[in-house]
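**Student:** So that we are looking at the same thing, I have put the structure below in structure tokens.
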Amino acid sequence: MINATGEWGERSIRAIIVGTPPMLLMQNVTGASRPGETSANSKWKFFQDDNGVSGHSFMGAIPFLAAAKVTDRPLLKVLFYAGSTLAPLSRLNDNRHYPSQAFLGWYMAWVATNAVDATQHADSNWRMFPLSWGGNTGIGFEYNW
Numbered sequence: 001m002i003n004a005t006g007e008w009g010e011r012s013i014r015a016i017i018v019g020t021p022p023m024l025l026m027q028n029v030t031g032a033s034r035p036g037e038t039s040a041n042s043k044w045k046f047f048q049d050d051n052g053v054s055g056h057s058f059m060g061a062i063p064f065l066a067a068a069k070v071t072d073r074p075l076l077k078v079l080f081y082a083g084s085t086l087a088p089l090s091r092l093n094d095n096r097h098y099p100s101q102a103f104l105g106w107y108m109a110w111v112a113t114n115a116v117d118a119t120q121h122a123d124s125n126w127r128m129f130p131l132s133w134g135g136n137t138g139i140g141f142e143y144n145w
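Quick note on numbering: UniProt numbering labels position 24 of the sequence shown as 24, and the sequence is numbered without any gaps.
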């Protein structure tokens with residue numbers, strides 16, 4: 001239990017260190033505003049505002065996503081992945097971010113934890129990632145041989 005907790009903490013910190021700079025950059029690059037903050041709403045006005053990515057969603061998702069990567073127990077994985085959506089959902093519930101902003105925060109946490117996990121499992125030849133095309137979303141799988 002101690003080893004798993006230590007690894008979870010280390011991975012969480014590493015994901016925060018790896019993911020925070022690009023998340024902060026994307027907050028500014030997208031330039032979107034919060035609900036009711038300006039007339040621009042969630043429209044991207046590059047470098048006009050700094051709320052295009054929910055930092056709360058990002059920071060709130062990382063501990064759960066890191067825990068899901070550490071455990072081998074399927075039920076715990078499901079619970080941790082579900083828990084990773086609580087911070088983004090709270091931002092929507094409180095009307096502090098638009099869905100796209102909350103999702104981007106969660107997604108950037110997903111990417112950061114996957115990057116950290118990839119250093120732990122360099123010999124893995126498959127990966128799973130979210131897709132978005134033509135107004136549709138889904139999950140993609142990649143296998144390299």
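From the three backbone atoms N, C-alpha and C, an ideal C-beta is built for every residue, glycine too.
These numbers come from a predicted model, not from an experiment.
Have a look at Thr113, Lys43, Leu24 and flag the residue whose alpha-carbon is nearest the alpha-carbon of Ser33.
**Tutor:** Comparing Cα positions, the closest option is Lys43.
**Student:** Compare the C-alpha of residue 147 against each of Pro35, Pro22, Phe58 and name the closest.
**Tutor:** The chain is shown from 1 up to 145; residue 147 falls before or after that span and cannot be answered.
**Student:** Looking only at its own chain, which residues have a Cβ that is under 8 Å from the Cβ of Ile16, when we skip the five neighbours before and after it?
**Tutor:** Around Ile16: Met59, Ile62, Ala112.
**Student:** Spell out the partners DSSP gives Met128 in its beta bridges.
**Tutor:** According to DSSP, Met128 bridges with Phe141.
**Student:** Just confirm the distance between the C-beta atoms of Ser54 and Ala102, as a whole number of angstroms; I'd bet it's less than 8 Å.
**Tutor:** Their Cβ separation, rounded to whole angstroms, is 5 Å, which keeps Ser54 and Ala102 in contact under 8 Å.
**Student:** Mind pulling the alpha helix (DSSP H) runs of 4 or more residues that sit fully within the segment 31–109?
**Tutor:** Complete alpha helix (DSSP H) runs here, min 4: 55–70, 74–83, 86–93.
**Student:** CB Pro35 to CB Tyr107, shorter than 8 Å?
**Tutor:** Against a cut-off of 8 Å, the Cβ pair of Tyr107 and Pro35 comes out as no contact.
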